[in-house]
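Comments concern the structure below.
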Amino acid sequence: MKKLLLASGLSLLVASATFAAPANSEIIATGAIVGMCKNKANAAEQNFCYGYSQGVYDMYLASRHPKNNPAFICFPNPGPSRNDVISAFVGWAENNAQFSKMPAADSIMRFLAGTYPCKK
């Protein structure tokens, strides 16, 4: 019985480690995410664009702290649609080609902070 329990636990541990490993650990460049966001004919690339962009913004929201890390991105109320923000980001990235090889998350944050700064 102990051997069966140990074997079961070990296989669960191995399986969870296998499923938790990232499929691709490359950093996504700004140029790559812009290309995906622009490719309206490819639903998978559009979904990745939306999910990646939302994930970057969600991490920003999760990392905010009133004293240690105050907000620096403030959307107006009512805010723009996700499509409008992503379209504006694509335009910004095309006009700021020096960031095309930089990590996309960094460029998204630069764009958001410059376009929707908080009032002081």
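Counting from 1 along the sequence shown, just add 8 to a position and that's the residue number in my numbering.
Think of the CB as a built atom: it goes at the ideal place given N, C-alpha and C, for glycine as much as any other residue.
Every value quoted in this text rests on a predicted model; they were computed, and no experiment measured them.
Sequence-distant residues of the same chain with beta carbon closer than 8 Å to residue i, five excluded per side
| i | result |
| --- | --- |
| D94 | It should be pointed out that residue 94 corresponds to Ile in this sequence rather than to Asp. Excluding residues within five positions, the ones whose Cβ falls inside 8 Å are C45, C57, Y58 and S61. |
| K127 | C82 |
| P88 | A96 |
Strand pairing of residue i, partner residues [DSSP]
| i | result |
| --- | --- |
| P84 | Paired residue(s): none; P84 is not in a bridge. |
| N50 | N50 pairs with nothing; no bridge assigned. |
| N103 | According to DSSP, which records beta bridges pairwise, N103 is partnered with nothing at all. |
Residue i vs residue j beta-carbon contact at 9 Å
| i | j | result |
| --- | --- | --- |
| M67 | A112 | no |
| Y124 | P84 | yes |
| V98 | V42 | yes |
| A121 | I81 | yes |
Status (buried if at least 16 other CB within 10 Å, exposed otherwise) for residue i
| i | result |
| --- | --- |
| A101 | buried |
| S115 | buried |
| S19 | Its pLDDT being 45, under 50, S19 is placed unreliably in this model, and the value from its coordinates should be taken loosely. Exposed, because fewer than 16 other Cβ atoms sit within 10 Å of the Cβ of S19. |
| A29 | Residue placement at A29 is poorly supported in this model, since its pLDDT is 44, which falls under 50; the coordinates are not used for a value here. |
Own chain partners of residue i with C-beta closer than 7 Å, once the 5 adjacent residues on each side are dropped
| i | result |
| --- | --- |
| S71 | N77 |
| A79 | R72 and C126 |
6 Å Cβ shell around residue i - same chain, five flanking residues per side excluded
| i | result |
| --- | --- |
| N1 | With the chain covering 9 to 128 only, the question about residue 1 has no answer from this structure. |
Would you call the segment 37-57 and the segment 103-111 in contact, with 3 or more CB pairs under 8 Å? These segments touch.
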